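Encoded structure:
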């Protein structure tokens, strides 16, 4: 039965994130910001940003199907591979897509970031990502 499933399965290409992981393990350099992060953080940031952008800020990567995960990490790669500039752009997109009329906390711009906020609450998480987020919030508060 397993052989039949494997024989009938459609091959899928590696996502850019998967290719990056393979290259990084092999010692090949990638985008500077991601290379400056521990590998598990580089992966997690890419996954959670992509999930929030593609499926909404309250959807978890772990709840996605295999094909949805592929979509999420490909989307996230679009931003994290560009480093701080790309991550800031992702934050702006999330904030711009927030509809305060559909939110229980109307007007609260924090709601736009959903589960990303949980990532920033954990002291073990990347201080560089938290710093980018804090700078984003400070810059949008001023404008």
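Numbering (my numbering), first residue to last: 3 to 145.
Ideal Cβ positions, reconstructed from N, Cα and C, are used throughout, including at glycine.
For clarity, every value in this text was computed on a predicted model and none was experimentally measured.
Within 7 Å, strictly: CB atoms of residue i and residue j
| i | j | result |
| --- | --- | --- |
| residue 52 | residue 75 | yes |
| residue 49 | residue 63 | yes |
| residue 114 | residue 97 | yes |
| residue 47 | residue 82 | yes |
| residue 112 | residue 18 | no |
| residue 32 | residue 22 | yes |
| residue 89 | residue 27 | no |
Segment limits, alpha helix (DSSP H) that includes residue i
| i | result |
| --- | --- |
| residue 30 | Note, residue 30: premise wrong, no alpha helix (DSSP H); not H, not E. |
| residue 44 | 41-57 |
| residue 86 | 85-99 |
| residue 121 | 118-123 |
Test: residue i CB closer than 7 Å to a CB of chain D
| i | result |
| --- | --- |
| residue 85 | Absent here is chain D; the protein component of the structure consists of one chain. |
Distance cut-off 6 Å: residue i Cβ against heavy atoms of the ligand GDP
| i | result |
| --- | --- |
| residue 88 | The ligand content of the structure shown is nil, which means the ligand GDP is not present either. |
Coil, strand or helix - residue i by DSSP
| i | result |
| --- | --- |
| residue 76 | helix |
| residue 140 | helix |
| residue 131 | helix |
| residue 12 | coil |
| residue 36 | helix |
| residue 69 | helix |
| residue 82 | helix |
| residue 60 | coil |
| residue 17 | coil |
Nearest-angstrom Cβ-Cβ length linking residue i and residue j, presumed shorter than 8 Å
| i | j | result |
| --- | --- | --- |
| residue 54 | residue 118 | 6 Å |
| residue 140 | residue 85 | Going by Cβ atoms, the distance from residue 140 to residue 85 rounds to 19 Å, so no, they are not a contact pair. |
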